[in-house]
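S.K.:
There are 2 protein chains.
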Amino acid sequence: MERTKRRYLDACGTAHALDLIGERWALLVMRELMLGPRRFSDIKASLPGISANVLTQRLEGLEAAGIVARRELPPPASVRVYELTPWGLEAEPILSVMGRWAARSPLHDPTLPFSTASLVLSLRTMFSAERAEAEGFRARIALLPPPDAFVAEVSPEGLTIERGDPSGATASLAGSAESIAAAIHGGVPFEALESEGVLAVGGDRAAAATFTTLFPLPPKAG
Amino acid sequence: MERTKRRYLDACGTAHALDLIGERWALLVMRELMLGPRRFSDIKASLPGISANVLTQRLEGLEAAGIVARRELPPPASVRVYELTPWGLEAEPILSVMGRWAARSPLHDPTLPFSTASLVLSLRTMFSAERAEAEGFRARIALLPPPDAFVAEVSPEGLTIERGDPSGATASLAGSAESIAAAIHGGVPFEALESEGVLAVGGDRAAAATFTTLFPLPPKAG
DNA sequence: CTGTATCCGTGTTGATACTG
DNA sequence: CAGTATCAACACGGATACAG
Chain V
0 MERTKRRYLD ACGTAHALDL IGERWALLVM RELMLGPRRF SDIKASLPGI
50 SANVLTQRLE GLEAAGIVAR RELPPPASVR VYELTPWGLE AEPILSVMGR
100 WAARSPLHDP TLPFSTASLV LSLRTMFSAE RAEAEGFRAR IALLPPPDAF
150 VAEVSPEGLT IERGDPSGAT ASLAGSAESI AAAIHGGVPF EALESEGVLA
200 VGGDRAAAAT FTTLFPLPPK AG
Chain E
0 MERTKRRYLD ACGTAHALDL IGERWALLVM RELMLGPRRF SDIKASLPGI
50 SANVLTQRLE GLEAAGIVAR RELPPPASVR VYELTPWGLE AEPILSVMGR
100 WAARSPLHDP TLPFSTASLV LSLRTMFSAE RAEAEGFRAR IALLPPPDAF
150 VAEVSPEGLT IERGDPSGAT ASLAGSAESI AAAIHGGVPF EALESEGVLA
200 VGGDRAAAAT FTTLFPLPPK AG
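Top to bottom, those sequences are chains V and E.
Take the first sequence: its position 114, counted from the start at 1, is 113 in numbering that gives the first Met the number 0, and no numbers get skipped.
Take the second sequence: its position 88, counted from the start at 1, is 87 in numbering that gives the first Met the number 0, and no numbers get skipped.
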């Protein structure tokens, strides 16, 4: 095939990182795998604009680099899934740092599509331990972007967000990743989103409201 | 011209970062500007393989995004230089995190060319405050990759590396960025590099030797 | 139904030559 | 020195066809 990959002739670690994950779509494919194994079609559906052949190439390249592994689920599922290797998982700080930096961009357009993986990673990135501390906040908030279910746990140790059973949570936010993000990052009041029918808030509404204030965005640059 | 820039239709911060700095060469151009203003030809000379037209396009794009600014030095210099804006400067953690992650790659080839900016940023990235603490190390080490002069200061507060006057330093390492990196990251003994005539160690050799141990590389993945 | 391979129009990249 | 012009090679994205 193409043994003549276009590489940077540069010993710098950053340049090598770009050789590995600098091609178009590569980091976003990795983003979609950060929360666990996914199937080809699910990845493709979460990345508006990627074409099947490009996704195939990226998965091959990331596999060859030792960043992604493919696996067959045992019968009766018997489907092929892609997952990050342990080293691939360690790339999450790259996504976080890039996201935090870009949040200061004056050109950012928050009205574009927003995947579930983006939502969860953005919350991990933007969580303010200081604010949670100042509020003395402690809760388990269920995040329910269909068909997934995550539980965010805020404690003095910090924030964790994992797939899990939402029953027993202090409060719940059900709706598309875009709608949940509108409430948390966009500051849109629950009532506005509920009256449009795109968000359902359950349980302790005050706790849910406080939760949405724990992820402040940095000021715009320029 | 390019009113149809190829963007990701994705509200995720990481995706927006890729819209801004995800094009080929963009991050490496920024790396070359991290230590201060540079001229077009100097940037081009530090990036093996980039062509003039692509460098022009990247500088234009980064300027339009508010990441890079162009400036004319006053007479008698009267040359045009490019520099990072304050927000552009804040992208250094992106380079660090990518470099640290890629250092674990089994495919990394340390024999490729290595720019002065790469050397300084890699030292800032890989510095181990724990080791300096454990050694009780405190010194000013001059790094002299011609035609530049940097002073690295190790103190209980951490490491700083700035352009500066090398006189009065505890020790000095003079040679190409590649040679200095061979001593620090590659673990090559001073004597081997000196006998090849590619490195000159001055001042307190023991302090210089200890200094080279403060930048440990992480273990390889896979 | 889930992926993979092939073709094709278009835009991006890279090398050389050239201009102010 | 600091770019621009030109052109060839490649990568991307879309559609479609194919394989398990």
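Glycine included, each C-beta is placed from N, C-alpha and C at the ideal position.
Is the Cβ-Cβ distance between SER114 (chain E) and SER45 (chain E) less than 7 Å?
M.R.: Contact flag set, yes.
S.K.: For VAL96 (chain E), go through chain V and note every residue whose CB falls closer than 7 Å to its CB, in chain order.
M.R.: Ordered by position in chain V, the residues that pass the 7 Å Cβ test against VAL96 (chain E) are PRO92, ILE93 and VAL96.
S.K.: For GLU1 (chain E) and THR55 (chain E), I'd like the C-alpha separation in whole angstroms.
M.R.: Unreliable placement is indicated for GLU1 (chain E), whose pLDDT of 39 sits below 50; no coordinate value is reported for it.
S.K.: Return no unless some Cβ of chain E is closer than 7 Å to the Cβ of HIS184 (chain V).
M.R.: Answer no: the Cβ-Cβ gap between HIS184 (chain V) and chain E never drops below 7 Å.
S.K.: Can you tell me the Cβ-Cβ gap for GLY196 (chain E) and SER171 (chain E), rounded? I've got them flagged as a contact below 8 Å.
M.R.: Wrong, their Cβ atoms sit about 16 Å apart, outside the cutoff.
S.K.: Mind listing the chain E neighbours of SER117 (chain V)? Cutoff is C-beta to C-beta under 9 Å, in chain order.
M.R.: Neighbours of SER117 (chain V) on chain E, chain order: ASP9, ALA10, CYS11, GLY12, THR13 and ALA14.
S.K.: For the beta strand (DSSP E) that contains PHE149 (chain V), what are its first and last residues?
M.R.: Per DSSP, PHE149 (chain V) belongs to the beta strand (DSSP E) from 149–154.
S.K.: Where DSSP assigns a beta bridge to TYR81 (chain E), which residues make up the other side?
M.R.: BP columns for TYR81 (chain E) point to E:ARG37 and E:ARG69.
S.K.: Is it true that the region 124–144 of chain V meets the region 119–131 of chain E, where meeting means three or more beta-carbon pairs spaced less than 8 Å apart?
M.R.: Result no; under three Cβ-Cβ pairs closer than 8 Å.
S.K.: Does GLY35 (chain V) get closer than 7 Å to chain E when you measure Cβ to Cβ?
M.R.: No, GLY35 (chain V) lies away from the interface with chain E (no Cβ there is under 7 Å from its Cβ).
S.K.: Nearest to GLY221 (chain V) by alpha carbon, out of E:ARG162, E:GLY186, E:VAL67 and E:ALA131?
M.R.: Checking every option, the nearest Cα to that of GLY221 (chain V) belongs to E:VAL67.
S.K.: So with CB distances below 8 Å, who are the chain E contacts of ASP108 (chain V)?
M.R.: Within 8 Å Cβ-Cβ: ALA10 and HIS15.
S.K.: Do LEU8 (chain V) and GLY48 (chain E) have their CB atoms nearer than 7 Å?
M.R.: Contact flag set, yes.
S.K.: Please list, in chain order, the chain E residues whose beta carbon lies closer than 7 Å to that of SER178 (chain V).
M.R.: Here the premise fails: no neighbours, minimum Cβ distance about 12 Å.
S.K.: SER128 (chain V) by DSSP, collapsed to three states: which one?
M.R.: The sequence shown places Ala at residue 128 (chain V), rather than the Ser named in the question. Three-state result, ALA128 (chain V): helix.
S.K.: Give me the DSSP bridge partner(s) of ARG139 (chain V).
M.R.: Paired residue(s): V:GLU152.
S.K.: Taking 8 Å as the cut-off, does the region 155–164 of chain V touch the region 179–187 of chain V (at least 3 CB pairs, one atom from each stretch)?
M.R.: No contact exists between the region 179–187 of chain V and the region 155–164 of chain V.
S.K.: Tell me, please, which residues DSSP counts as bridged to ILE160 (chain V).
M.R.: Bridge partners of ILE160 (chain V): V:ALA151.
S.K.: From this set, V:LEU34, V:ALA206 and V:LEU19, which residue's C-alpha is nearest GLU119 (chain V)'s C-alpha?
M.R.: Note that residue 119 (chain V) corresponds to Val in the displayed sequence, not to Glu. When only C-alpha atoms are compared, the closest one is V:LEU34.
S.K.: Ordered along the chain, which non-local residues of its own chain (more than five positions away) have a Cβ less than 7 Å from that of LYS219 (chain E)?
M.R.: So the list reads ARG103 and PRO105, once near-sequence residues are dropped.
S.K.: Would you mind working out which of V:PRO73, V:HIS107 and V:GLY65 sits nearest TRP100 (chain E), comparing C-alpha positions?
M.R.: When only C-alpha atoms are compared, the closest one is V:GLY65.
S.K.: Which first and last residues belong to the beta strand (DSSP E) in which ALA208 (chain E) is found?
M.R.: From DSSP, ALA208 (chain E) is part of no beta strand (DSSP E) but of the alpha helix (DSSP H) over 204–210.
S.K.: Starting from SER95 (chain E), follow the alpha helix (DSSP H) in both directions and report where the run begins and ends.
M.R.: Taken as a continuous stretch (DSSP letters only), the alpha helix (DSSP H) holding SER95 (chain E) covers 91–101.
S.K.: Against chain E, does LEU111 (chain V) count as a neighbour if the rule is that its beta carbon must be under 7 Å from one of theirs?
M.R.: True, the Cβ-Cβ gap to chain E drops below 7 Å.
S.K.: What residues from chain E crowd round ARG30 (chain V), counting only those whose CB sits closer than 9 Å?
M.R.: Neighbours of ARG30 (chain V) on chain E, chain order: CYS11, THR13 and ALA14.
S.K.: Return the first residue and the last residue of the alpha helix (DSSP H) that SER194 (chain V) is part of.
M.R.: It spans 189–194 - the alpha helix (DSSP H) in which SER194 (chain V) sits, taken as one unbroken run.
S.K.: Please state if the CB of ARG38 (chain V) and the CB of VAL78 (chain V) are separated by a distance shorter than 7 Å.
M.R.: Taking 7 Å as the Cβ cut-off, VAL78 (chain V) and ARG38 (chain V) qualify as a contacting pair.
S.K.: Would you say GLY135 (chain V) faces chain E, with C-beta separation under 7 Å as the test?
M.R.: So no, GLY135 (chain V) is outside the interface.
S.K.: Roughly how many whole angstroms lie between the Cα atoms of THR13 (chain V) and THR169 (chain V)?
M.R.: Distance between the alpha carbons of THR13 (chain V) and THR169 (chain V): 43 Å.
S.K.: Is the CB of ARG103 (chain V) under 7 Å away from at least one CB in chain E?
M.R.: At least one chain E Cβ lies under 7 Å of ARG103 (chain V).
S.K.: Could you tell me the alpha carbon to alpha carbon distance between SER121 (chain E) and ASP203 (chain V), rounded to whole angstroms?
M.R.: Straight-line Cα distance between these residues: approximately 48 Å.
S.K.: Run down chain V in chain order and give the residues with a C-beta less than 8 Å from the C-beta of PRO145 (chain E).
M.R.: Simply none; closest approach about 18 Å.
S.K.: So if I threshold CB-CB distances at 8 Å, which residues from the region 148–173 of chain V count as touching chain E?
M.R.: For the region 148–173 of chain V, which is checked against every Cβ of chain E, not one residue is closer than 8 Å.
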